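Inspection log for the structure reproduced underneath, given as structure tokens.
4 protein chains.
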Amino acid sequence: MAADETFVPAWKFSTEMEVRDYELDAQAIVNNGVYFGYFEHCRHKYLLSKGFDFTALHAEGIDPIVVHADIEFKRSLRSMDAFVVNLDWREEGRFRLQFIQEIRLKSDNSLVASARITGAILRNGRPAPVEVFTSRLRDQAT
Amino acid sequence: MAADETFVPAWKFSTEMEVRDYELDAQAIVNNGVYFGYFEHCRHKYLLSKGFDFTALHAEGIDPIVVHADIEFKRSLRSMDAFVVNLDWREEGRFRLQFIQEIRLKSDNSLVASARITGAILRNGRPAPVEVFTSRLRDQAT
Amino acid sequence: MAADETFVPAWKFSTEMEVRDYELDAQAIVNNGVYFGYFEHCRHKYLLSKGFDFTALHAEGIDPIVVHADIEFKRSLRSMDAFVVNLDWREEGRFRLQFIQEIRLKSDNSLVASARITGAILRNGRPAPVEVFTSRLRDQAT
Amino acid sequence: MAADETFVPAWKFSTEMEVRDYELDAQAIVNNGVYFGYFEHCRHKYLLSKGFDFTALHAEGIDPIVVHADIEFKRSLRSMDAFVVNLDWREEGRFRLQFIQEIRLKSDNSLVASARITGAILRNGRPAPVEVFTSRLRDQAT
Numbered sequence: 005m006a007a008d009e010t011f012v013p014a015w016k017f018s019t020e021m022e023v024r025d026y027e028l029d030a031q032a033i034v035n036n037g038v039y040f041g042y043f044e045h046c047r048h049k050y051l052l053s054k055g056f057d058f059t060a061l062h063a064e065g066i067d068p069i070v071v072h073a074d075i076e077f078k079r080s081l082r083s084m085d086a087f088v089v090n091l092d093w094r095e096e097g098r099f100r101l102q103f104i105q106e107i108r109l110k111s112d113n114s115l116v117a118s119a120r121i122t123g124a125i126l127r128n129g130r131p132a133p134v135e136v137f138t139s140r141l142r143d144q145a146t
Numbered sequence: 005m006a007a008d009e010t011f012v013p014a015w016k017f018s019t020e021m022e023v024r025d026y027e028l029d030a031q032a033i034v035n036n037g038v039y040f041g042y043f044e045h046c047r048h049k050y051l052l053s054k055g056f057d058f059t060a061l062h063a064e065g066i067d068p069i070v071v072h073a074d075i076e077f078k079r080s081l082r083s084m085d086a087f088v089v090n091l092d093w094r095e096e097g098r099f100r101l102q103f104i105q106e107i108r109l110k111s112d113n114s115l116v117a118s119a120r121i122t123g124a125i126l127r128n129g130r131p132a133p134v135e136v137f138t139s140r141l142r143d144q145a146t
Numbered sequence: 005m006a007a008d009e010t011f012v013p014a015w016k017f018s019t020e021m022e023v024r025d026y027e028l029d030a031q032a033i034v035n036n037g038v039y040f041g042y043f044e045h046c047r048h049k050y051l052l053s054k055g056f057d058f059t060a061l062h063a064e065g066i067d068p069i070v071v072h073a074d075i076e077f078k079r080s081l082r083s084m085d086a087f088v089v090n091l092d093w094r095e096e097g098r099f100r101l102q103f104i105q106e107i108r109l110k111s112d113n114s115l116v117a118s119a120r121i122t123g124a125i126l127r128n129g130r131p132a133p134v135e136v137f138t139s140r141l142r143d144q145a146t
Numbered sequence: 005m006a007a008d009e010t011f012v013p014a015w016k017f018s019t020e021m022e023v024r025d026y027e028l029d030a031q032a033i034v035n036n037g038v039y040f041g042y043f044e045h046c047r048h049k050y051l052l053s054k055g056f057d058f059t060a061l062h063a064e065g066i067d068p069i070v071v072h073a074d075i076e077f078k079r080s081l082r083s084m085d086a087f088v089v090n091l092d093w094r095e096e097g098r099f100r101l102q103f104i105q106e107i108r109l110k111s112d113n114s115l116v117a118s119a120r121i122t123g124a125i126l127r128n129g130r131p132a133p134v135e136v137f138t139s140r141l142r143d144q145a146t
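And the structure:
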């Protein structure tokens with residue numbers, strides 16, 4: 005296991021994806037903005053597996069949002085690459101939840117990108133404690 | 005001028021854009037990954053204004069890439085919002101160039117997002133000094 | 005004026021856009037799917053200019069949707085190309101509205117793509133007559 | 005089997021995908037332009053399975069392009085929907101290849117969208133016969 009992830013004993017969630025050619029840009033590598041989508045898809049699948057449905061939440065006036073993103077790009081994904089997106093999270097005070105994520109090539113497990121994505125929760129447009137999320141995430145994590 | 009930009013006496017480049025509805029997600033706000041694209045478009049327009057054409061560079065084996073992105077999301081862009089993307093840069097050692105960028109609503113100049121996007125240059129797939137870029141960026145900046 | 009548009013005496017609406025590099029794919033041309041977005045942005049700007057706000061309509065349970073798209077690709081858009089999207093429309097029975105659209109390069113007015121995009125209206129998920137739209141589109145078109 | 009596909013005895017290729025939330029728009033359904041990407045991904049996977057690699061082809065000066073797209077949208081894909089993209093093709097004269105494609109919900113096999121996407125081949129920017137593709141597609145189809 006690489007040094008950069010020794011602080012993570014095990015990922016809480018992982019999902020596999022593969023590059024689609026329309027995600028490449030003229031450099032023939034996946035455009036940087038697309039990684040954000042890969043990370044988001046993994047987060048939403050994880051949250052859905054815990055019973056949090058973004059569309060349903062939005063209809064109730066609850067919108068999880070991203071307030072900060074820090075992404076390190078280590079190597080590029082190319083046409084049809086298969087890869088894994090991993091996820092862990094930790095609370096950051098009462099109002100923030102930080103997702104620790106990484107993307108690894110499926111073929112050789114090499115690190116493609118690592119990210120810290122910080123989320124917050126809006127209830128009818130105002131910040132709400134993340135406890136309503138984290139309590140359930142912890143409960144079902146056993 | 006807001007406190008958060010007092011360190012920047014003047015932006016080196018600015019460009020105006022407007023939200024397109026297909027950039028919104030189910031929360032009816034611009035999806036976070038799209039901001040990457042807004043920031044990138046501003047960088048590419050700036051570099052093109054200095055004579056750097058990404059497609060031509062790629063054909064020569066020179067690929068500017070993003071190695072790190074740090075984005076703070078302050079408020080959301082919504083349908084048809086007009087906004088300005090600003091850009092400044094500074095060298096970060098021999099091999100890296102950091103772009104300082106922000107997005108502001110055109111209507112009231114409020115801060116939407118600020119970013120530090122760090123770039124590097126690959127020549128035939130290997131890191132090359134950024135001097136070839138920065139010398140020309142400085143020259144024509146007078 | 006090219007033969008293909010002689011049936012259109014004048015466009016009802018036009019808007020200018022420019023290619024963003026992240027819209028290119030590995031062939032260094034704008035990916036075909038992006039044209040859909042260009043055409044959509046023009047339609048939404050037109051409808052907004054007539055008082056139809058998609059986000060507000062959606063909140064009222066009214067969703068204009070696309071039921072059919074026919075697009076002819078004549079030439080490719082490339083990095084930073086400036087182009088114009090034109091729009092006309094006609095009714096197609098009680099429940100459908102056909103948008104006739106095209107994209108032309110700004111530099112030489114050459115035809116890039118032409119489209120017939122057929123829309124319908126859902127009210128609480130069920131088809132509704134387009135008259136509520138077309139009556140207002142005609143009124144203000146004078 | 006639905007009447008609309010009786011002319012197709014069996015699909016030549018199929019691939020499964022799932023909706024990612026960033027592909028939804030403010031109507032909480034997959035944006036129409038994204039379907040184009042779904043269809044493209046299926047075509048590229050099919051062609052790759054027959055030995056045609058778009059990035060490698062582009063490097064050789066050979067660019068398969070889309071010249072016409074006709075898409076019928078039957079129902080909308082929503083958050084996290086799993087779906088199948090099917091593909092068949094037929095020659096359309098010497099210089100065109102028509103892909104017949106459809107998207108079906110995995111859960112109940114209902115038709116989401118059907119398409120006829122017509123492709124051509126550019127060799128160093130000039131039209132080339134599709135025979136170089138179709139001969140190999142037929143050979144390996146046994």
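Chains as they are written, first to last, in my numbering: chain A, 5 to 146; chain B, 5 to 146; chain C, 5 to 146; chain D, 5 to 146. Just so it is clear, CB atoms sit at the ideal spot from N, CA and C, and this is done for glycine as well. Remember, it's a predicted structure, so these values are computed and weren't measured experimentally.
Scanning chain D for C-beta atoms nearer than 8 Å to the C-beta of Q105/C yields nothing, as the closest lies near 13 Å away. Put simply, the CB of A119/A is far from chain C, with every gap to its CB atoms at 8 Å or more.
D25/A sits in a helix when the DSSP states are folded into three classes. In this structure, the alpha-carbon of G65/A lies about 13 Å from that of F56/A. For R127/B, the enclosing beta strand (DSSP E) covers residues 115-127.
The beta-carbon of Q102/D is placed no less than 8 Å from the nearest beta-carbon of chain C. The residue among L126/B, V88/B, K78/B, V136/B with its C-alpha nearest the C-alpha of F43/B is V88/B.
By a beta-carbon distance limit of 8 Å, G37/B contacts F40/A. Their separation comes to about 3 Å. Here the region 72-91 of chain D does not lie against the region 97-113 of chain A, with fewer than 3 beta-carbon pairs under 8 Å apart. The beta carbons of T122/C and E96/C sit about 6 Å from each other, so the pair counts as a contact at 8 Å. Under DSSP, T59/D forms no beta bridge with any residue. E20/D is the residue among D143/D, E20/D, A63/D whose C-alpha sits nearest the C-alpha of R47/D.
Take the alpha-carbon of R98/D and the one of A124/C: they are about 37 Å apart.
In this structure N113/C is exposed. Its beta-carbon is surrounded by fewer than 16 other beta-carbon atoms within 10 angstroms. Non-local beta-carbon contacts of W15/C in its own chain, meaning distances under 8 Å to residues more than five positions away in sequence, involve N90, L91, D92 in chain order. Taking 8 Å as the CB threshold, D112/C stays off the interface with chain B. For V136/B, the uninterrupted alpha helix (DSSP H) run begins and ends at 135-143, by DSSP.
Contacts with chain A at 8 Å (Cβ-Cβ) include G41/B. Under the rule that a run must span 3 or more residues, the beta strand (DSSP E) segments found entirely inside the region 45-105 of chain D read 66-77, 86-95.
As the crow flies, the alpha-carbon of S111/D is around 12 Å from that of E22/D.
The C-beta of T59/D comes closer than 8 Å to at least one C-beta of chain A.
At a cut-off of 8 Å between C-beta atoms, N36/A counts as an interface residue with respect to chain B. In terms of Cα proximity to M84/A, the closest of A60/D, P131/D, I33/D is A60/D. Residue contact with chain A for A73/B: present (Cβ-Cβ distance below 8 Å to some residue of chain A). When the beta-carbon positions are compared, D67/B and Q31/A come within less than 8 Å of each other. E27/B and D143/C have their C-alpha atoms spaced approximately 30 Å apart.
In the DSSP assignment, A132/C falls within the beta strand (DSSP E) that extends over 130-132. The C-beta of S53/D has fewer than 16 other C-beta atoms within 10 Å across all chains shown, which makes the residue exposed. Comparing alpha-carbon positions, the option among D25/A, I75/A, R100/A, H62/A lying closest to P131/A turns out to be R100/A. Bridge partners of V38/D according to DSSP: none are assigned. When the Cα atoms are used, N128/D and R94/C turn out to be separated by approximately 40 Å. Excluding sequence positions up to five before and after R140/C, its CB lies within less than 8 Å of the CB of K54, G55, F56, all in the same chain and listed in chain order. Across the region 72-94 of chain B, CB contacts with chain D closer than 8 Å involve S83, in sequence order along the chain. The C-alpha of I75/B lies about 8 Å from the C-alpha of V71/A.
Counting only the Cα atoms, H45/A lies some 10 Å from L51/A.
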